[in-house]
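Residue numbers (my numbering): 74 to 322. Glycine included, each C-beta is placed from N, C-alpha and C at the ideal position. This report refers to the structure that appears directly beneath it.
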Ligand code: URA
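As structure tokens, this is what we get:
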């Protein structure tokens, strides 16, 4: 029974990954035949401005002058209940002066054990995608919305996102990337302060205080739904093209 339930739950989670809270609305208002096309087509991107406001959070770590200092100020964090259940605080990894940041949702079991983002199966797929684009994991900076693993890999709670997001915004302030790629709907909505489906998120390029922000599929969702790889590859190519343009300027 349990072994049958697991794929069903994961498949529903994947549907939610694409459609978000609109899942049932979309299914009720659209005919079955026009759904798939709409979910995979890449319309020309709109540009949308979003404000990056970290001033509301006047905390000690705001004075950090480097990622190392920031890490030392926050890695014992106990501001939410995940501080009690984590094994390792997963700060982030990569080039402190990166032009591009990749942002995921939260550490999973492998990341929680090793203290580094995207080191499990999804991370290996991410490394392969970067390699196919002629990019190295070390040239970008990789971080998550949450720095601690939610038990059983459940979605982050809104309160956990609100508590942890200032840490990520401070990382962004120190790294000063020109471009950010959000991996998955949860990461993109949390960063941009939106509640959109991944379909909608993928259609736009957001402007976060001058930083270009894109969204694509979460690599873990691709492992379960290989037919999403094509759309993901298109997103990554778009990201790489802009990355190359911004890297020379
Ligand atoms: N999934 C994420 O969103 N982040 C990780 O670090 C690993 C898996």
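Under 8 Å between C-beta atoms of residue i and residue j
i, j, result
"residue 181", "residue 226", "yes"
"residue 280", "residue 176", "no"
"residue 205", "residue 241", "no"
"residue 212", "residue 153", "no"
"residue 288", "residue 315", "no"
"residue 284", "residue 169", "no"
"residue 137", "residue 267", "no"
"residue 167", "residue 214", "yes"
"residue 134", "residue 143", "yes"
"residue 191", "residue 199", "yes"
"residue 161", "residue 188", "yes"
Under the three-state DSSP convention, the category residue i falls into
i, result
"residue 177", "strand"
"residue 305", "helix"
"residue 154", "coil"
"residue 192", "coil"
"residue 277", "strand"
"residue 209", "coil"
"residue 141", "helix"
"residue 83", "helix"
"residue 172", "coil"
"residue 132", "coil"
"residue 297", "helix"
"residue 317", "helix"
"residue 239", "helix"
"residue 311", "helix"
"residue 200", "helix"
"residue 224", "helix"
"residue 229", "coil"
Counterpart residues of residue i in DSSP-defined beta bridges
i, result
"residue 167", "214"
"residue 287", "254"
"residue 147", "Bridge partners of residue 147: none, in fact."
"residue 121", "279"
Closest Cα partner of residue i within the set the options
i, options, result
"residue 193", "259, 288, 177 and 183", "183"
"residue 231", "203, 260, 188 and 211", "260"
"residue 254", "139, 292, 239 and 207", "292"
"residue 252", "178, 313, 189 and 156", "313"
"residue 310", "165, 275, 294 and 136", "275"
"residue 238", "164, 139 and 188", "164"
"residue 228", "195, 178 and 150", "178"
"residue 222", "265, 167, 256 and 186", "186"
"residue 123", "286, 156 and 305", "286"
"residue 318", "173, 155, 148 and 188", "173"
"residue 339", "277, 236 and 246", "The structure shown does not extend to residue 339, since the chain is modelled only from 74 through 322, so no value can be given for it."
Counted within 10 angstroms of its Cβ, other Cβ atoms place residue i as buried (16 or more) or exposed
i, result
"residue 158", "exposed"
"residue 220", "buried"
"residue 321", "exposed"
"residue 299", "exposed"
"residue 303", "exposed"
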